[in-house]
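I have placed the structure first, in the form of structure tokens, so that the comments after it can refer back to it.
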Amino acid sequence: MGSAGFGDTISSKPAVEDSSKGWAVVYGIISTIGGISAGILNQNDYARFSRTPKAAIMAQAICPPIYGVITPIVGILVTAATQERYSEALWNLPSLLSAVQTTGGARSRAAVFFAAAALVISQFGINIPGNALSGGFDFAALFPRYINIRRGAYITALLSMVVNPWQLLATASTFLAVLSSYSVFLGPMVGLMISSYYLVQKQRINVDDLFLGDKESIYWYTMGINWRAIVAWVCGVMPTFPGFLSAVSPGITVSTGATRLYYMCFLVGSLISALVFVGLHHFVPAKAHRAWVEGQKEVDGGKWRENMVYYREKWDALAIEQGSMVRDADTKGLDETVKEV
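Reading the sequence shown from the start, the letters are residues 38 to 378 in the numbering used here.
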């Protein structure tokens, strides 16, 4: 590291009260969750291709904690190491690479080239599957008659420029506010998904009805919209929204309590939305949906395997008839899935 070391980042004592330290840690954790909250919501777009449920679970249980810990630590140490060398803490990678290129020699410029190439490749690797394709899936699901996944991805890419994303990286505080803002809006969605699957659906899904776009589907609800989810999402967002406004607009002042609610936005939002969603489905149920779920309670144990085999054979037969599946195709992954259930 040389004589400059890591500056005073590691050795200095924070000039904040003990209680503020705790809330700073909470804010850092929620900001980190916010950075991956979109992936939490969209991971099923890719996990569904796993051969077995266990494969998806193991990959997500092992990999994210490793890179989720190592990457921030490296980022903090590198930023700390720039304080003495460049007279300021350079946390933005392009700014850091530019400083290294300006002050270094030929070897530094070569290192900057390879580091910048790696950065570009990583951004493509993150944004194409994590943002463009996920947006394409959503647009294709909303307007299947007019938009396919590729067109949806192009639309997402164009819309991403409208929000002026470069402004989100103007300062470190703005960047943290942006990461936390994801939790404000996506945290309640995570709560909805978890409570819907485990408490409302009771882990029972009528897959056939998912592909029906009319009143015949138990998921049609009210004119094709489950208003309970919208109400629950709004209820999950509102308590933390004032603190979010204060974070992105320093001119807006809110109470300490509102700020601390915002610091816990992912946990607060997901919990409130889950409770409201379950409560609405309990007191104002969707009759067709509840009747189907209640009727499935008697299906347990080995019958679940029988149901999975039944649907697999049904869909395979339909795919063969439509010419979208090759006869005698490899079904090893499906066989393993049936054994695991």
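The beta-carbon is built from N, C-alpha and C at its ideal position, and this holds for glycine as well. Bear in mind that the values here come from a model prediction, so they are computed numbers and not experimental data.
Reduced DSSP category for T211 - H, G, I as helix; E, B as strand; rest coil: Helix, per DSSP.
Any 3 or more C-beta pairs closer than 8 Å across the stretch 269-277 and the stretch 225-238: Yes, the stretch 269-277 touches the stretch 225-238.
Contact belief for M301 with V62 at Cβ below 8 Å, rounded distance in angstroms: About 12 Å; that fails the 8 Å criterion.
G294 beta carbon less than 8 Å from that of V274: For V274 and G294, no; Cβs fall outside 8 Å.
Supposed close pair V285, S233 - CB separation, criterion 8 Å: Cβ atoms of V285 and S233 stay farther apart than 8 Å, at about 30 Å.
T139 vs A169 beta-carbon contact at 8 Å: With a cutoff of 8 Å on beta-carbon distance, T139 and A169 are scored as not near each other.
CA nearest to the CA of F43, picked from V115, T296, S159, R146: Cα-wise, what sits closest to F43 is V115.
Best match in L308, H319, K324 for proximity to W257 [C-alpha to C-alpha]: From the listed residues L308, H319, K324, the smallest Cα separation to W257 is found for K324.
A148 versus T89 - alpha carbon distance: Within the model, the alpha-carbon separation for A148 versus T89 is close to 42 Å.
Which listed residue (I110, I107, Y83, R188) has its alpha carbon closest to that of Q97: Among I110, I107, Y83, R188, the Cα nearest to that of Q97 belongs to Y83.
For T116, three-class secondary structure by DSSP: DSSP places T116 in helix when its eight states are reduced to three.
Where the alpha helix (DSSP H) through N81 begins and ends: It spans 81-84 - the alpha helix (DSSP H) in which N81 sits, taken as one unbroken run.
Own chain, CB closer than 7 Å to T290, minus 5 neighbours either side, in chain order: So the list reads S283, once near-sequence residues are dropped.
Nearest-angstrom Cα separation, counted from G261 out to K252: Rounded to the nearest angstrom, the two C-alpha atoms are 8 Å apart.
Distance between L133 and G162 (C-alpha atoms, nearest Å): It is roughly 21 Å from the alpha-carbon of G162 to the alpha-carbon of L133.
Beta-bridge partners of T259, as assigned by DSSP: In the DSSP output, where bridge partners are listed per residue, T259 has I262.
DSSP-derived helix/strand/coil call for F289: The residue you asked about is not Phe; residue 289 is Ile in the sequence shown. I289 falls in the coil class under three-state DSSP.
Helix, strand or coil at G338 [DSSP, three-state]: Note that G338 has pLDDT 48, beneath the 50 cutoff, so the model's placement of it is unreliable and the number below is only indicative. The answer is coil: DSSP assigns G338 none of H, G, I, E or B.
Helix, strand or coil at T89 [DSSP, three-state]: Note: T89 maps to coil in three-state DSSP.
Per-residue burial, F150 [other beta carbons within 10 Å of its own, 16 or more giving buried]: F150 is classed as exposed because its beta carbon has fewer than 16 other beta carbons within 10 Å across all chains shown.
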